[in-house]
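If you're matching positions, the sequence shown starts at 244 in this note's numbering and goes up one per residue.
First up is the structure itself, then whatever we jot down about it.
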Amino acid sequence: MKTVAFTSNAAATSGWVEADAPNTRGDQVAFTATNRPVADATAVRMSMFADFGGTAPEGEWTGGEGNLFQVSFAVEGADFDPDVSSDGEWIIFASTQHREDADIYRKTIDGRVVTQLTSDPAQDVMPEIAPDGRKVVFTSDRNGNWDVFVMSVDGGPATQITFDDAHELHPTWSPDGSRLCYCRFNDRTARWELWTVSLERPGVRTFVCEGMFPRWSPDASTDRILFQRARKRGSQLYGVWTIDLTEAGGINPTEVVAAGGAAIMHPTWSPDGKRIAFTSVDRPEVSEDGMPVESDIWVIDADGMGRTALTSGGFRNMRPTWAADGRVYFTSNRGGLDVIWAVSGNAPGVFDAPGSIDPQAVAGAGGLDDDH
């Protein structure tokens, strides 16, 4: 869900959402609002923007975007799913700039030359660089459904990690690079789940909890996953959660960010694990291609305090990822096409007035049950 495509009458409905498997944009999910159960395993029953009736934030924008700069430069198609190397020198991303099916590319942060790392006829998306900078994990549908693969950071043959018939996507590395966490669609419950797997024993997997789009905390002193999960009542919009890992699975689920009229998605850690960046979609307008007209990038302390908006509206800004130098990289259509931009994660633009993210709705500690 770095970017989310959605279709037709998704606004102002409280029903379940029927979604196809991830499409060309990898973690996009094209969906149509529906109140009926999903009849087949090719459709995904999930609650995303089920109540897309949010309002624009109130209050005055007190910061600016003077430190904003463009990083990728597709002239056709789109660049998305960015991840930055630990030294901050180069970026890896998915792109449809050369063909309709996405491949994975690499470039230096300040350069224009791009190196294509995958060329499979299928979709290759959602790359994340290993902590040691030597490998890349990504998602591909090259075998018919979405699975997780690992390859060298220089490209070349990829090793398949997941093999079953379920869709498995959006992998993330543990701090020591020995394990992966990813989300898996459960055909029986029609819900997305988080699982972990050891690269030394890929046949052994551990269930964590229900959720999507995990990010492993970079703080090696904790074994914690950041992810998004939908409410199971009311609007059923997404919020941001953390969960601690044990050998038996996940414990202490904790809601960090929630909003009554907005979908809070795509959470990602700062390099020190003390802050979280995320996407907030809080406007009901949709474009002709079914995408949100506007969404913004926010940051918040890991304890749920200190919420700050890094982008000020007017464009579709989605799927942030944090770099070691404090910049936040994200996909935006502010130049016409969806390409990758960056902004300082310490930008001063703070909404002090009530708005799309209600301070009363932000939980910083304590587990919350599924009926919240």
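Backbone N, C-alpha and C fix where the C-beta goes; we use that ideal spot for every residue, glycine too.
Since we're looking at a predicted model, the values are computed, not measured.
Can you tell me whether DSSP reads Asp568 as helix, strand or coil?
By 1-based counting over the sequence shown, the position of residue 568 is 325. It is coil, neither helix nor strand.
Can you check whether the CB of Pro514 is closer than 8 Å to the CB of Trp565?
Within the sequence shown, the letter at position 322 stands for residue 565. Within the sequence shown, the letter at position 271 stands for residue 514. Going by C-beta atoms, Trp565 is nearer than 8 Å to Pro514.
In the DSSP assignment, what residue or residues form a beta bridge with Phe573?
Your numbering for residue 573 matches position 330 in the sequence shown. Per DSSP, Trp584.
What whole-angstrom Cβ distance do Asn324 and Val368 have, given they're in contact under 8 Å?
Counting from 1 along the sequence shown, the entry for residue 324 is found at position 81. Counting from 1 along the sequence shown, the entry for residue 368 is found at position 125. Reading off the sequence shown, one finds Asp at residue 324, where the question assumed Asn. Between Val368 and Asp324 the Cβ distance is about 6 Å, and since that is below 8 Å, they are a contact.
In this structure, does DSSP put Arg444 in helix, strand or coil?
Counting from one through the sequence shown, the residue named residue 444 turns up at place 201. Coil at Arg444, not helix or strand.
Using the DSSP secondary-structure output, state which residues sit across from Leu412 in a beta bridge.
Position 169 of the sequence shown, counted from the start, is the residue given in the question as residue 412. Per DSSP, Cys426.
Endpoints, beta strand (DSSP E) assigned at Leu488:
Residue 488 sits at position 245 when you count from the first residue of the sequence shown. Looking at the DSSP string, the run of the beta strand (DSSP E) that includes Leu488 is Tyr481 to Thr489.
Just to confirm the assignment, what range does the beta strand (DSSP E) spanning Asp544 have?
If you number the sequence shown from 1, residue 544 lands on position 301. First-last of the beta strand (DSSP E) with Asp544: Asp539 to Asp544.
Tell whether a beta-carbon distance below 8 Å holds between Asp407 and Glu371.
For this step, residue 407 is matched to residue 164 along the sequence shown. For this step, residue 371 is matched to residue 128 along the sequence shown. Contact flag unset, no.
Whole beta strand (DSSP E) runs in the stretch 492-519 with 3 or more residues, listed along the chain?
492-500 and 506-512
For Glu453 and Tyr689, the rounded distance between their alpha carbons
The structure shown has nothing for residue 689, since the chain only spans 244 to 615.
Residue from Met508, His410, Gly557 and Arg431 with nearest C-alpha to Ala458:
As a first step, residue 458 must be located in the sequence shown, where it is residue number 215. A small fix is needed here, since residue 458 is Arg in this sequence, not Ala. Relative to the Cα of Arg458, the nearest Cα in the group Met508, His410, Gly557 and Arg431 belongs to Met508.
Since I believe Ala505 is in contact with Ser523 (beta carbons under 8 Å), could you give me their beta-carbon distance rounded to a whole number of angstroms?
Residue 523 sits at position 280 when you count from the first residue of the sequence shown. Residue 505 sits at position 262 when you count from the first residue of the sequence shown. The pair is a contact, with the Cβ atoms about 5 Å apart (cut-off 8 Å).
From the DSSP secondary-structure annotation, give me the bridge partner or partners of Glu453.
Along the sequence shown, read from residue 1 onward, the residue named residue 453 stands at position 210. DSSP, once it has assigned bridges, lists Glu436 as partnering Glu453.
Beta-carbon proximity of Arg467 to Thr485, cut-off 8 Å
As a position in the sequence shown, residue 467 is number 224, starting the count at 1. As a position in the sequence shown, residue 485 is number 242, starting the count at 1. Yes.
Measure the C-alpha to C-alpha separation of Val379 and Asp363 and round it to an integer number of angstroms.
As a first step, residue 379 must be located in the sequence shown, where it is residue number 136. As a first step, residue 363 must be located in the sequence shown, where it is residue number 120. Whole-angstrom Cα-Cα distance: 16 Å.
State buried or exposed for Val451, treating a residue as buried only when at least 16 other CB atoms are found within 10 Å of its CB.
As a working note, residue 451 is residue 208 in the sequence shown. That one is buried.
Which class does Ala365 belong to by DSSP, given the choice of helix, strand or coil?
Taking the first residue of the sequence shown as 1, we reach residue 365 at position 122. Ala365: coil per DSSP, three-state reduction.
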